[in-house]
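> Position 371, counted from 1, in the sequence shown is what UniProt numbering calls 371; the numbers after and before it change by one each time, with no gaps.
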Amino acid sequence: MTALKRSDVRQRGAGKAVLALAFGLAVVALPVPVLWAQSASPTQSQTPPQPPSNAQPAQNLPDAPSTVQPPPAKPTFPDVPPGAAPRPQPAPNGNSQTPEQKPAPPPMPPIETLPPGTGPRNQLNAKDELYKISVSTNFVQVPVMVKDSSGRRVDGLIPKDFTVLENGKKQTLTFFSSDPLELSVAIVLDIGMPDVDVQKVNQTYSALVGALSPYDEAAIYTYSSTVSQVTDFTRHPEKLTAALNELKDVRGRNNGPAVLSGPLAAGPPTVNGAPVGGPMIQPVNTPPREAHVLNDAILRAAVDLSKRERTRRKVIFVISDGRELGSRASYRDVLRVLQSRDIQVKAVVVGGGSLPVFRQVGKVHLPEQGYSDILPRYSSATGGGEVQHELSRNAIEDAYAAITSEARNQYTLGYAPQAITGSSAYRDINVLVDRKGLKVYAKGGYYSTPSAR
């Protein structure tokens with residue numbers, strides 16, 4: 001039994017060797033038909049046979065050369081530095097595939113940077129374009145404010161609603177705008193008022209700063225017997241607030257009439273009305289003459305405002321009791337400067353100057369007592385509108401907001417008058433609105449610039 005089994009095993013092994021030799025010869029002799037048959041049969045599985053579990057791992061050896069066609073040559077590439085694009089890989093069929101060649105982009109022009117805040121000279125920003133006005137030698141701008149019978153501002157008017165007369169002759173408008181303008185405001189504070197009025201104004205300083213927009217600029221001036229500039233023009237509200245807070249320590253005049261006799265009176269000591277050690281002469285006491293240089297303060301502010309940008313509307317905002325006494329500058333001279341530089345005067349009269357009885361008395365000029373109607377005259381002649389007379393703190397704060405809003409939102413008319421030869425001459429201006437029941441506020445005239453010969 002054992003011998004029979006061994007002979008069967010040898011016969012089976014020999015048969016397998018013969019079959020393997022025959023199959024190998026067939027594969028070597030007919031490689032192409034076999035490959036074609038495998039690719040042409042769609043139903044045949046493409047999954048390669050799994051090697052047996054006891055098979056040895058495949059060695060990384062090159063394929064034997066084919067007897068039908070030579071192996072394809074491997075493409076050669078130059079060395080590629082690290083970080084560069086990967087080299088193209090050959091396709092399975094032996095043909096190398098390269099990405100589509102694109103033309104190199106043109107070289108970029110050199111980039112030049114400019115310092116912050118600068119730009120090409122032939123370009124203007126939006127603000128400059130908005131407020132650019134081409135003017136001739138004697139181009140006249142007239143800010144105009146229109147109110148109804150209730151004192152409310154009238155908006156929505158167009159150029160044909162206005163008529164401008166210069167020396168009685170109708171002018172042709174070449175410029176019209178209702179857009180709000182940025183303000184340059186000179187705030188003039190009267191610290192020579194009675195102390196009770198000064199302290200009342202001190203409590204309104206926060207509302208005064210709040211009435212300005214972020215685009216406005218302002219400077220602060222004070223006056224009594226002299227004029228002082230507290231701050232230069234600035235657009236930073238914190239600087240204005242800091243300066244106004246320091247002014248809260250300033251005291252006004254003593255309340256009540258001056259002391260002319262008694263132990264508190266000024267002058268040398270007296271006994272029975274006569275100076276000690278001197279002849280028995282009855283002294284004559286007069287109250288001290290306190291200057292109240294309102295004209296000088298407005299002139300100082302006007303000179304500084306004339307140096308600001310022409311695209312801004314220039315306003316002098318006076319907070320005072322309206323008294324004028326002892327200024328070196330006259331009303332006529334100051335008004336000429338205002339009308340020549342297109343500067344408006346607006347004011348809030350507080351304290352005793354806001355009482356109706358004092359306003360009536362102020363129209364009568366008394367020697368050595370100064371004037372009390374200067375501010376309304378300045379305001380009317382420069383187109384600033386009516387002066388606000390307020391007593392309470394809330395009313396004063398409301399007046400701040402109303403005045404700055406009116407100054408910012410006026411109509412602006414412009415025209416080119418006929419040139420004047422010779423010396424400068426004053427020309428009257430009268431602005432009319434073709435609607436009933438409206439009141440117009442505009443400057444009363446200007447001083448023309450003589451044309452060059």
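Glycine included, each C-beta is placed from N, C-alpha and C at the ideal position.
1. Please classify L165 as buried or exposed, where buried requires at least 16 other C-beta atoms within 10 Å of its C-beta.
2. Tell me the residue span of the beta strand (DSSP E) that contains S177.
3. Return the CA-CA distance between Q141 and G326, expressed in angstroms with no decimal places.
4. In whole angstroms, what is the alpha-carbon distance linking residue 465 and V315?
5. Starting from R313, trace the alpha helix (DSSP H) in both directions and tell me its first and last residue.
6. My parser needs the alpha helix (DSSP H) runs of 4 or more residues fully inside the region 170-205; what are they?
7. So which of A302, V198, A186 and D216 has the shortest CA-CA distance to N409?
8. Pull up the distance between the alpha-carbon of N245 and that of L391, whole angstroms please.
9. Is it buried or exposed for P92, if we count other Cβ within 10 angstroms and need 16 for buried?
10. What number of angstroms, rounded off, separates the C-alpha of D249 from the C-alpha of Q199?
11. My output table needs one value for V209: the three-state DSSP class, helix, strand or coil.
12. Applying the criterion that 16 or more other CB atoms from any shown protein chain within 10 Å of the CB defines a buried residue, is K346 buried or exposed?
13. How close, in whole Å, do the beta carbons of V349 and A297 come, if the pair is a contact with beta carbons under 8 Å?
14. I think L294 touches I374, with their Cβ atoms under 8 Å apart; what is that distance to the nearest whole Å?
15. Can you say whether Y221 is buried or exposed, counting buried as having 16 or more other CB atoms within 10 angstroms of its CB?
16. Per DSSP, what kind of secondary structure is G351 in: helix, strand or coil?
17. Do you know whose CA, among E397, L240, L335 and R323, lies nearest A186's CA?
18. Judging by CA-CA distance, which residue of G168, D179 and L338 is the nearest neighbour of L157?
19. Taking only the alpha-carbon atoms, compute the straight-line gap between S340 and Y447 and give it to the nearest angstrom.
20. Can you tell me the Cα-Cα spacing of I429 and Y378, whole angstroms?
21. Which residues in the same chain have their Cβ closer than 6 Å to the Cβ of D197, if we skip the five residues on either side of it in sequence?
22. Does the Cβ-Cβ distance between I403 and A211 come in under 9 Å?
23. Contact check, A381 vs V334 under 8 Å by CB: the rounded distance?
24. For G353, which residues in the same chain have their Cβ closer than 6 Å to its Cβ, ignoring the five residues on either side in sequence?
25. If P159 and G383 are in contact, beta carbons under 8 Å, what's the gap, nearest whole angstrom?
26. What is the C-beta distance between A442 and F139, in whole angstroms, given that I count them as a contact (C-beta under 8 Å)?
27. Is the CB-CB distance between E406 and R312 below 9 Å?
28. Measure the alpha-carbon distance for V259 versus Y371 and round it to whole angstroms.
29. Please go through the same chain and pick out, in chain order, the residues whose beta-carbon is closer than 7 Å to the beta-carbon of D232, but skip the five residues on each side of it.
30. Between which two residues does the alpha helix (DSSP H) holding Q339 run?
31. Based on the DSSP secondary-structure assignment, which residues constitute the bridge partners of K439?
32. What residue from R328, V431 and K436 has the CA that sits closest to Q171's CA?
33. Please say whether F162 and F176 have beta carbons closer to each other than 9 Å?
Inspection of the coordinates gives the following:
1. Looking up residue 165 in the sequence shown gives position 165. It counts as exposed.
2. By 1-based counting over the sequence shown, the position of residue 177 is 177. Looking at the DSSP string, the run of the beta strand (DSSP E) that includes S177 is F175 to S177.
3. Residue numbering aside, residue 141 sits at position 141 when the sequence shown is read from its first letter. Residue numbering aside, residue 326 sits at position 326 when the sequence shown is read from its first letter. Rounded to the nearest angstrom, the two C-alpha atoms are 33 Å apart.
4. As displayed, the chain neither begins before 1 nor continues past 453, which places residue 465 out of reach and without an answer.
5. Taking the sequence shown and counting its residues from 1, one reaches residue 313 at position 313. Here R313 belongs to no alpha helix (DSSP H); instead the beta strand (DSSP E) covers R313 to S320.
6. 195-202
7. The sequence position of residue 409 within the sequence shown is 409, counting from 1. Taking only the C-alpha atoms, the option nearest N409 is D216.
8. On the sequence shown, position 245 is the one that residue 245 refers to. On the sequence shown, position 391 is the one that residue 391 refers to. Between N245 and L391, the C-alpha separation is close to 22 Å.
9. As a first step, residue 92 must be located in the sequence shown, where it is residue number 92. For P92, the pLDDT reaches just 49, beneath the cut-off of 50, and the residue's location in the model is therefore unreliable, although a value from the coordinates is still provided. Per the 10 Å Cβ criterion, exposed.
10. Working through the sequence shown from its first residue, we reach residue 249 at position 249. Working through the sequence shown from its first residue, we reach residue 199 at position 199. The straight-line gap from Cα to Cα measures roughly 9 Å.
11. Taking the first residue of the sequence shown as position 1, residue 209 is located at position 209. Looking at V209 - three-state DSSP - the assignment turns out to be helix.
12. Counting from 1 along the sequence shown, the entry for residue 346 is found at position 346. Classification for K346: buried.
13. Here residue 349 corresponds to residue number 349 of the sequence shown, with the count starting at 1. Here residue 297 corresponds to residue number 297 of the sequence shown, with the count starting at 1. About 15 Å separates the two Cβ atoms, so there is no contact after all.
14. Within the sequence shown, residue 294 is the residue found at index 294, counting from 1. Within the sequence shown, residue 374 is the residue found at index 374, counting from 1. That belief holds up - the Cβ atoms of L294 and I374 are roughly 6 Å apart, short of 8 Å.
15. By one-based count along the sequence shown, residue 221 stands at place 221. Result: buried.
16. For this step, residue 351 is matched to residue 351 along the sequence shown. Reduced to three states, the DSSP call for G351 is helix.
17. Counting from 1 along the sequence shown, the entry for residue 186 is found at position 186. Of E397, L240, L335 and R323, the residue nearest in Cα terms is L240.
18. Within the sequence shown, numbered from 1, the residue matching residue 157 stands at position 157. Closest option to L157, Cα to Cα, is D179.
19. In the sequence shown, the residue the question calls residue 340 occupies position 340. In the sequence shown, the residue the question calls residue 447 occupies position 447. Approximately 6 Å between the Cα atoms of the pair.
20. On the sequence shown, position 429 is the one that residue 429 refers to. On the sequence shown, position 378 is the one that residue 378 refers to. So the two alpha carbons sit approximately 16 Å from each other.
21. Position 197 of the sequence shown, counted from the first residue, corresponds to residue 197. Taken in chain order, the residues that qualify are V350 and G351.
22. What you label residue 403 is simply residue 403 of the sequence shown in a count that begins at 1. What you label residue 211 is simply residue 211 of the sequence shown in a count that begins at 1. Yes, the pair counts as a contact, with Cβ atoms nearer than the cut-off.
23. Taking the sequence shown and counting its residues from 1, the one referred to as residue 381 is at position 381. Taking the sequence shown and counting its residues from 1, the one referred to as residue 334 is at position 334. With 8 Å as the limit, A381 and V334 do not qualify as a contact, their Cβ atoms being about 10 Å apart.
24. Locating residue 353 in the sequence shown gives position 353, counting from the first residue. Correct list, in chain order: D321 and G322.
25. Residue 159 sits at position 159 when you count from the first residue of the sequence shown. Residue 383 sits at position 383 when you count from the first residue of the sequence shown. Their Cβ separation, rounded to whole angstroms, is 18 Å, which puts P159 and G383 out of contact at 8 Å.
26. Within the sequence shown, numbered from 1, the residue matching residue 442 stands at position 442. Within the sequence shown, numbered from 1, the residue matching residue 139 stands at position 139. At roughly 16 Å, the Cβ-Cβ gap does not stay under 8 Å, so A442 and F139 are not in contact.
27. Counting from one through the sequence shown, the residue named residue 406 turns up at place 406. Counting from one through the sequence shown, the residue named residue 312 turns up at place 312. Going by C-beta atoms, E406 is not nearer than 9 Å to R312.
28. In the sequence shown, the residue the question calls residue 259 occupies position 259. In the sequence shown, the residue the question calls residue 371 occupies position 371. Reliability fails at V259, whose pLDDT of 49 lies under 50, so the model's placement of it is uncertain and the value that follows must be treated cautiously. C-alpha separation (whole angstroms): 24 Å.
29. The sequence position of residue 232 within the sequence shown is 232, counting from 1. The answer, listed in chain order, is A219.
30. Against the sequence shown, residue 339 aligns to sequence position 339. It spans Y331 to S340 - the alpha helix (DSSP H) in which Q339 sits, taken as one unbroken run.
31. Against the sequence shown, residue 439 aligns to sequence position 439. According to DSSP, which records beta bridges pairwise, K439 is partnered with K147.
32. Taking the first residue of the sequence shown as 1, we reach residue 171 at position 171. The residue with the shortest Cα to Cα distance from Q171 is V431.
33. Within the sequence shown, the letter at position 176 stands for residue 176. Within the sequence shown, the letter at position 162 stands for residue 162. Cβ atoms of F176 and F162: closer than 9 Å.
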